[in-house]
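Engineer: Below is the structure I would like to discuss, written out as structure tokens.
Residue numbers (the working numbering), protein chains in the order written: chain A, -15 to 417; chain B, 584 to 870.
Structure below.
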């Protein structure tokens, strides 16, 4: 294996706020004030310590990358994942030379093409064909290279009938397809792909994935950035997790990488996968909730987000002082838009299937099967009532609430690599009728 | 971004590193991207003709009317002498030359701002953009130049005393100097505008004053002798006057003025390239 990219101790510093005036008039003002011996009207009020601590944001600097070291081998498809702001785009921007690093070095063997720019080089007034030449030139192709590949590009993009139409009449899908086609036929030794699979129809996505695989099969290297864990899992041969400008985790076991990232909490605010009664719910003789949490099948507590290929067990621990046969409890599941998805009670099945309830402490659980919900955030609220008589735990008033967050694990199908529309994402099979 | 050869067997063909010195300039790379410059020129040319019917016509109407207005205001009202040159041709010659400088300076000085979107997405040598601008503006100049030639021959046939000089063969060199000067000056301003955003709004004003500091509406002979040593520091003085000398055979231009003008053009161009290369690598961080 040959190393095609070697990143050594890469730092990128951004300055926060206004350092150095942006207005010529302000600079002149400061200069005039200095001449007259007055205080600079534009000087920053220095209320922060002169602490030269490198990492601190207090001195107006922010380090998007903090000493990244990385070697990328030829033929690899490297998946780069991380939260927003972890430094993914900064890394890609430096690699594609849109901006320069503050410190450190990247050595590259071969030509880098980047799909960051999907169609930005396109001019709306020019035809598809003219734009292929323009975009190819922007990406550094020579004219004869483009001429040689023109038919292949047009065919791949699937727009042969519209190739002499101005691009301004293209749909956004056609736009992206043409842009991807140009970049993919550039024959770069290294291709950077940032979240392009989110566009285009299923058929074209399949084509892109296939093209990416064949590109890496030809010994070329791909850097792939995506929030679509499914696509990462399917394509990548190695993965890194970026966190706060550092490589946090790195492995050839792409599942481990995703697992590591997901257990790190994903993009979201603090999610709680358990609730413990701190006496905020008034106790009742008939039902006193103690704990509310989710586990896997073996009873191990789950951390969020979970994968869609995992079963989720909703557990309720509660205490009973007096048994009332009308007791019905369970949960209601809501999506992130606070719409009911479904309601589930222990009394939903036939009476013989109800769990046995005894005086004292009880622990029951109920499964939310894998491949039911779609990717996304949900929450569940505990409910308990005496049937037709009185609420004991009301889903609206009392807030006994858990979050459920699902990322990845949608399907093993090569044609289902990203979140589809819809509340549910079940896998129902087809067969010969 | 430079070639690296000291890695013995595995030669890295690109090193990405922080910007270092002031002279971190790779002109060879621009040559490698000459195809792109051609594509930019073609893009602007094609879109220009596709968008409007009036587009090309506009480049004829504009100098025609400006020349008419100048002839009336400066020639008839202010009665500024134009030596023996027919006033209409005199003003048109100044106008055609100034229009080129005016437009290419204005466009190149806006390079970073106008292309922020594409610069933020993909790498190519940024200098290809202003270079393409001065070339496409040259095409626009040619349209106006042909118009000028038309009137020139009209006046010539009418028997006006027009003595074009043999130095006319140097016209291409003059145009190259003008293009390089507007490129250099435009690149300096465009680099400064990344730091001083309000400079952009001053461009129109600067150009207006600059025109009056250039012999567009009056001949060099009208400039007092004591002022001339300073006056000719403006390279456009020599450019406009040389143009007039070539076509009308009379001007107060002297050889040393031309040397001064060329020297300053070179200085401005070098300063422009250095500043531009300094800014282009990290300008995205400041937008």
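Each residue gets a CB set at the ideal place from its N, CA and C atoms; glycine is no exception.
As the structure is a computational prediction, the values presented were derived from the model and not from experiment.
1. Can you give the Cα-Cα distance for residue 763/B and residue 685/B, rounded to whole angstroms?
2. Could you tell me which chain A residues have their CB closer than 9 Å to the CB of residue 601/B, listed as they occur along the chain?
3. For residue 626/B, go through chain A and note every residue whose CB falls closer than 8 Å to its CB, in chain order.
4. Would you please verify whether the beta carbon of residue 278/A is less than 8 Å from any beta carbon of chain B?
5. Would you say residue 630/B and residue 110/A are within 8 Å of each other, going by their C-beta atoms?
6. Report the residues of the stretch 681 to 709 of chain B with a CB closer than 9 Å to any CB of chain A, ordered along the chain.
7. Return no unless some Cβ of chain A is closer than 8 Å to the Cβ of residue 789/B.
8. Flag this pair as yes or no: are the beta carbons of residue 199/A and residue 170/A separated by less than 8 Å?
9. Beta-carbon separation of residue 72/A and residue 209/A under 8 Å?
10. With DSSP collapsed to three states, give me the class of residue 159/A.
11. Along chain A, which residues have their Cβ under 7 Å away from the Cβ of residue 595/B?
12. From residue 77/A to residue 610/B, what does the alpha carbon distance come to, in whole angstroms?
13. Just checking: is the beta-carbon of residue 126/A within a distance shorter than 8 Å of some beta-carbon in chain B?
14. What residues in its chain sit with their C-beta under 6 Å from that of residue 88/A, if we drop five residues either side in the sequence?
15. Sorted by chain position, which residues of the same chain lie with C-beta nearer than 6 Å to residue 840/B's C-beta, five sequence neighbours on each side aside?
16. Out of curiosity, what's the CA-to-CA distance linking residue 135/A and residue 692/B?
17. Taking 8 Å as the CB-CB limit, is residue 303/A close to chain B?
18. Looking at chain A, is there any beta carbon in it that lies within less than 8 Å of the beta carbon of residue 716/B?
19. The alpha helix (DSSP H) with residue 685/B in it runs from where to where?
20. Can the beta-carbon of residue 61/A be found closer than 8 Å to that of residue 220/A?
21. Rounded to whole angstroms, what is the Cα-Cα separation between residue 319/A and residue 399/A?
22. If we ignore side chains and look at the alpha-carbon of each, how far apart do residue 601/B and residue 674/B end up?
23. Kindly indicate which three-state DSSP category residue 15/A falls into: helix, strand or coil?
24. Helix, strand or coil, according to DSSP, for residue 223/A in the structure here?
25. Can you check whether the C-beta of residue -2/A is within less than 8 Å of a C-beta belonging to chain B?
26. How long is the line joining the alpha carbons of residue 393/A and residue 295/A, rounded to whole angstroms?
27. Step through the CB atoms of chain A and report whether any lies within less than 8 Å of the CB of residue 618/B.
28. Quick one, are the C-beta atoms of residue 362/A and residue 317/A less than 8 Å apart?
29. Kindly indicate which residue of 679/B, 657/B and 761/B has the alpha-carbon position closest to the one of residue 725/B.
30. Which residues in chain A have a C-beta closer than 7 Å to the C-beta of residue 622/B? List them in chain order.
31. Is it buried or exposed, residue 213/A, if we count other Cβ atoms within 10 angstroms and call 16 or more buried?
32. Have a look at the DSSP bridge pairing and note the partners of residue 347/A.
33. Threshold first: 4 residues or longer. Then list the alpha helix (DSSP H) segments lying entirely within the stretch 795 to 837 of chain B, N to C.
34. Would you give the residue range spanned by the alpha helix (DSSP H) that residue 187/A belongs to?
35. Just how far apart, CA to CA, sit residue 330/A and residue 409/A?
36. Here's a check: name, in chain order, each residue in its chain whose Cβ is nearer than 7 Å to the Cβ of residue 375/A, leaving out the five neighbours to either side.
Structural biologist: So, from the listed chains and residues:
1. 13 Å
2. -5, 84, 85, 86, 87, 88 and 89
3. 107, 110, 114 and 118
4. no
5. yes
6. 700, 701, 702, 703, 704, 705, 706 and 707
7. no
8. no
9. yes
10. helix
11. 91, 92 and 93
12. 22 Å
13. yes
14. -8, -7, -6 and -5
15. 815 and 821
16. 39 Å
17. no
18. no
19. 670 to 691
20. yes
21. 26 Å
22. 50 Å
23. helix
24. strand
25. yes
26. 11 Å
27. yes
28. yes
29. 679/B
30. 117, 118 and 121
31. buried
32. 301/A
33. 811 to 814 and 818 to 831
34. 186 to 201
35. 24 Å
36. 369
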